[in-house]
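K.L.:
The structure under discussion is supplied below as structure tokens; questions concerning it will follow.
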Amino acid sequence: MKIVKIITLLLFIISAILIVSGFLIQSANSQRLIGSGVAVLFLLVFPLFSYYRWKDKNLKDYMLTKENLDKMRENQKKNKY
Numbered sequence: 006m007k008i009v010k011i012i013t014l015l016l017f018i019i020s021a022i023l024i025v026s027g028f029l030i031q032s033a034n035s036q037r038l039i040g041s042g043v044a045v046l047f048l049l050v051f052p053l054f055s056y057y058r059w060k061d062k063n064l065k066d067y068m069l070t071k072e073n074l075d076k077m078r079e080n081q082k083k084n085k086y
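Mapped onto this note's numbering, the consecutive letters of the sequence shown carry residue numbers 6 to 86.
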């Protein structure tokens, strides 16, 4: 497995454990556990996951340019008939 994928999975598991333990353990620090789990999820896991999934993609394939709109219209016409 790639190192970014392993780190992302590990951080996701850590954040899930923090969130669940914050809900299950009723102590004075339960809100801190939930907050730190959510912070790890949004500040570390989501950017790493996005980087891992998009690093080898061509961004022009996903943009709405005139050429891509024309291709979509042609494909729609072909699929209608």
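We treat Cβ as the ideally placed atom computed from N, Cα and C, and that holds for glycine. Small disclaimer: the values here were computed from a predicted structure and weren't measured.
1) Which residues in the same chain have their Cβ closer than 6 Å to the Cβ of Phe54, if we skip the five residues on either side of it in sequence?
2) Which of the three DSSP states, helix, strand or coil, is assigned to Thr70?
3) Could you spell out where the alpha helix (DSSP H) holding Tyr29 opens and where it closes?
4) Specify the secondary structure class of Ser32 as computed by DSSP and reduced to three states.
5) Helix, strand or coil: how does DSSP classify Asp75 here?
6) Using only the alpha-carbon positions, how far apart do Val45 and Ile18 sit?
7) When the distance is taken between beta carbons, is Val25 closer than 8 Å to Tyr56?
8) Taking Leu49 as part of the alpha helix (DSSP H), name the residues at either end of that continuous run.
P.N.:
Let me spell this out:
1) Thr13
2) coil
3) The question names Tyr, but residue 29 in the sequence shown is Leu. Start and end: 8 to 29.
4) coil
5) helix
6) 10 Å
7) no
8) First-last for Leu49: undefined, no H or E at that position.
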